[in-house]
Amino acid sequence: MTDSTHPSSDVLARAGQSVVERLADPYPGPIPFSVEFFPPRDAEAEARLWRTARTFERMNPAFVSMTYGAGGTTRDRTVRIAGELATETTLLTVAHLTAVNHSIDEIRGLVGAYADKGITNLLALRGDPPGDPLGEWVKHRKGVEYAEELVRLIDDLGDFHTGVASFPEGHHRSPNLAADTGNLVRKLRAGAEFSVTQVFFDVEDYLRLRDRLVAADPEQGAKPLIPGLMPITSLATARRMTQLSGSKIPPQVEERLAKAAGDGPEENRADVRAVGIDLCTEMSERLIAEGVPCLHFCSLNFVKATSEVLDRIGIDTRGALAAL
């Protein structure tokens, strides 16, 4: 399933770092980067995830994160694989944790399961309702209502480093951007050390969120606000992802992608992919110029599209890809 490694003492010391500490380390490239994985649904997908993780490991990301499957076997697989990433690789692993369908006792048990694997970096999320992410959110009768409560709960359980989600376009449940910014400030004040944004496709949305956050609370605004990026390789997939998350593809981006997709019954995937790589590269370069602390890539458990963007912005991927 996985190949074994023998980390050096230096690597073991880095494994105990927080995300914020890792981002403060000297970095050989133009900017630190990180990668998001999601729990695979079967053995074949799990094997692909491990090939992808091992390839990214050779590129030295600041950290990797594992999204959270609420309920049932997906949740169990999430916990298991996140633990294996933490114990069987040199990757600093951040585990997502949501409040959906969980009692406080269950959350404590999950945090303990992660701690047993040496995972002390957690991303605390309220989470979306299962089945319909845009549907009504119902609090577990013995759970927590908001992510800020989840942050406090995690911090009360031990020496953990907690991050939260942020939303450049505003969360779809927030009445306006001011309310959404206030929610982020409360999560950070509760003890979160950093935030990772929802994937977005307009750098201005990120920059305006950063401005609002600093204006609302300069102390919390100084914490890392990590932009979430995804190289688009399919217009249909990008449209569905944004619909499910309550976000949007900006008109100028939609126009470029639609032109590449063509008018046929099937989209021209090769041309869409080429435009998607260009767009993500342009965004990455702008964000680097704006002084962001890190670039966080939603990989969809594949390596090539993200690696192409990394190569274009000056991060050496050749050695890692040569081993494929």
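All letters in the sequence shown, in the order written, are residues 759 to 1082 by the numbering used here.
Don't be surprised by glycine CBs; every beta carbon is placed ideally from N, CA and C.
C-beta contact flag for residue i and residue j at 7 Å
i: residue 820; j: residue 781; result: yes
i: residue 817; j: residue 1075; result: yes
i: residue 920; j: residue 950; result: yes
i: residue 926; j: residue 963; result: yes
i: residue 1140; j: residue 794; result: Beyond the ends of the chain as shown, which are 759 and 1082, falls residue 1140; an answer cannot be given.
i: residue 961; j: residue 1070; result: no
i: residue 1033; j: residue 978; result: no
CB contact below 7 Å: residue i versus chain D
i: residue 1013; result: Considering every chain present, this structure includes no chain D. It has just one protein chain.
Cβ-based neighbour list, residue i, same chain, cut-off 6 Å, excluding 5 preceding and 5 following
i: residue 993; result: 1015, 1019, 1025, 1030
i: residue 798; result: 804, 807
i: residue 928; result: 935, 938
i: residue 1050; result: 985
i: residue 1068; result: 1075
i: residue 1078; result: 813, 816, 817
i: residue 1066; result: 1035
i: residue 796; result: 825
Local conformation of residue i per DSSP, three classes
i: residue 831; result: At residue 831 the pLDDT is 48, less than 50, meaning the model places this residue with poor confidence; the figure from the coordinates comes in the next sentence. Here residue 831 sits in helix by DSSP.
i: residue 1073; result: coil
i: residue 836; result: helix
i: residue 941; result: helix
i: residue 1078; result: helix
i: residue 1052; result: coil
i: residue 1041; result: helix
i: residue 883; result: strand
i: residue 1046; result: helix
i: residue 853; result: strand
i: residue 1063; result: helix
i: residue 918; result: coil
i: residue 986; result: strand
i: residue 775; result: coil
i: residue 814; result: helix
i: residue 923; result: strand
i: residue 794; result: strand
i: residue 932; result: coil
i: residue 995; result: helix
i: residue 955; result: strand
Cutoff 8 Å; reference residue i; Cβ partners in own chain excluding five residues on either side
i: residue 763; result: Note on residue 763: pLDDT 43, under 50, position unreliable in the model; no value is reported.
i: residue 1046; result: 788, 789, 1053, 1071
For residue j and residue i, believed in contact at Cβ under 8 Å, the rounded distance
i: residue 787; j: residue 1073; result: 4 Å
i: residue 879; j: residue 852; result: 4 Å
i: residue 1054; j: residue 792; result: 5 Å
i: residue 983; j: residue 968; result: 6 Å
i: residue 877; j: residue 841; result: 7 Å
i: residue 875; j: residue 906; result: At roughly 25 Å, the Cβ-Cβ gap does not stay under 8 Å, so residue 875 and residue 906 are not in contact.
i: residue 1005; j: residue 958; result: 7 Å
i: residue 1059; j: residue 856; result: Not confirmed; about 19 Å, so no contact.
i: residue 1052; j: residue 790; result: 5 Å
i: residue 948; j: residue 910; result: 5 Å
Proximal residues to residue i (C-beta, below 7 Å), its chain only, five neighbours per side dropped
i: residue 912; result: 869, 880, 882, 918, 920
i: residue 916; result: 873
i: residue 1061; result: 810, 813, 814
Meets three-Cβ-pair contact criterion under 8 Å: the segment 926-934 and the segment 972-982: The segment 926-934 is not in contact with the segment 972-982.
Validate contact between the segment 934-954 and the segment 1026-1045 using beta carbons, cut 8 Å, 3 pairs: no
Cβ contact (3+ pairs, closer than 8 Å) linking the segment 1032-1049 and the segment 980-993: The segment 1032-1049 vs the segment 980-993: in contact.
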